[in-house]
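In my numbering, the protein residues as written are 101 to 589. Ideal placement from N, C-alpha and C gives every residue a C-beta, glycine not left out. Heads up, the thing below is written out as structure tokens.
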């Protein structure tokens, strides 16, 4: 009788370990999957093309792991094997932690699909296959012929609950508070401790605990000498780069920049944002809206030339904080920033604006599809004053690519009667006005100083946009695919 009680106790203890193992590996799978989006974003962006490549590749790795786990379980039933597999996955993830920035930088020049696919195969395939090996193998370890159904249900239920917890933990704690790289290390440490605990090795456990305690001191310093600030928010990987006395804001990838230090004398940046000042030569603005406020370039430049009250809309509050810290963004009662999605803001707002500025890139070179459709521009039409002007930073970064810009221009033209394009911006109006007429209006103002420079540069390739039989809608907006195809050319 005592032997039976001891046997039941050991079986219950082992069952608890197996169920805990299933929960933790499910947790680790989703943590690592969510981190993969953040790891690849600085090098390949976060378009739906990259996201789709990641998700489908990881699903393939999971399918392979499930098959191997079930197949090997039928041939070899071993308690130690499952934890050896977990240990190998922990070691591999630790190697990923050490090497992924260098590896991703070395392949960043590859085409988006090929590069992101190679990154997934090298960085994520092996650990995902190893971790998904666990659930079917555990079913074999804990089940008998009579209870295989309930055992399978428990294992996959716990694995799914672990994944849910991993998703919540990564979204609301790991990414916002400790960042991607340390989160990868945390995943490796959790799996290492689990693997050692399962093998019941006191010596290995001591080494694993020592590694877990010492690893925070091994966090590598930033290797980019020009990067003076780098952090992660819920929405973006944010970096500030310094070149002599000029700061640049970069988001999610290394293509272009989103804000730059404004020259103290001319109040210009030498970038496309300068062209957003043109309407202040002919619009008496009392209220202004900036969609995609970033670190505040457009807001600050407008404030220097207009007494208008300015509402900025920026989904990421961390970017606003960086703007205040590095780019001189000064907020007060008349210069405010609303932290929400631009389209959500427009849907809720009842205000009329004399000038609306649009600078909505989710990390160059992609525009979020819902911010490039007829329905989105209709919302701006409703919020724009009758004599007002809309200034748009539009996708024109690829030489001789007419398809992407054609779709975008066609979309705007379907909503607004007057669309005038220059090299750096679109100038859009609710009233009928041609490029030639607007040129005369600007000339009559006789701009001087900074505004002369703005007018001269904006007027170089002033042209009317004629109706184009192409457009994006909420139902069909292949923005990212067209961008990807344009980048390939």
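- For residue 265, the CB contacts under 7 Å within the same chain, skipping 5 residues up- and downstream, are 127 in chain order.
- Taking one beta carbon from each stretch, the stretch 271-286 and the stretch 144-161 have fewer than 3 pairs nearer than 8 Å; the two do not touch.
- The DSSP-derived three-state label of residue 256 is helix.
- Excluding residues up to 5 positions away in sequence, 564 lie with their Cβ nearer than 7 Å to the Cβ of residue 534 in the same chain.
- Only residues of its own chain outside the window of five on either side were considered, and among them 240, 241 have a CB closer than 8 Å to the CB of residue 177, listed in chain order.
- For residue 341, the pairing in a beta bridge is given by DSSP as 327, 348.
- In the three-state reduction of the DSSP assignment, residue 383 falls in the coil class, being assigned neither a helical nor a strand state.
- Residue environment for residue 157: buried (at least 16 other C-beta atoms within 10 angstroms of its C-beta).
- In the structure shown, residue 486 falls within a strand segment according to DSSP collapsed to helix, strand and coil.
- Of all C-beta pairs linking the stretch 576-584 to the stretch 468-476, three or more are shorter than 8 Å, placing the two stretches in contact.
- Residue 432 is bridged by DSSP to 435.
- According to DSSP, residue 332 shares a beta bridge with 337.
- In this structure, the alpha-carbon of residue 492 lies about 6 Å from that of residue 525.
- In this structure, DSSP gives residue 300 a state outside helix and strand, which the three-state scheme calls coil.
- Where residue 527 is concerned, the enclosing beta strand (DSSP E) starts and stops at 526-529.
- Between the alpha carbons of residue 255 and residue 192 lies a distance of about 24 Å.
- In the structure shown, residue 136 adopts helical secondary structure according to DSSP, grouped into three states.
- Within the same chain, 563, 565 come within 6 Å of residue 521 by CB-CB distance, once the 5 residues on both sides are set aside.
- A contact between stretches requires three or more CB pairs, one per stretch, nearer than 8 Å, and the stretch 447-460 meets this requirement with the stretch 383-399.
- By the Cβ-count criterion, residue 206 is exposed, with fewer than 16 other Cβ atoms from all chains shown falling within 10 Å of its own Cβ.
- Put simply, of 141, 547, 447, 358 the residue whose alpha carbon is nearest the alpha carbon of residue 280 is 141.
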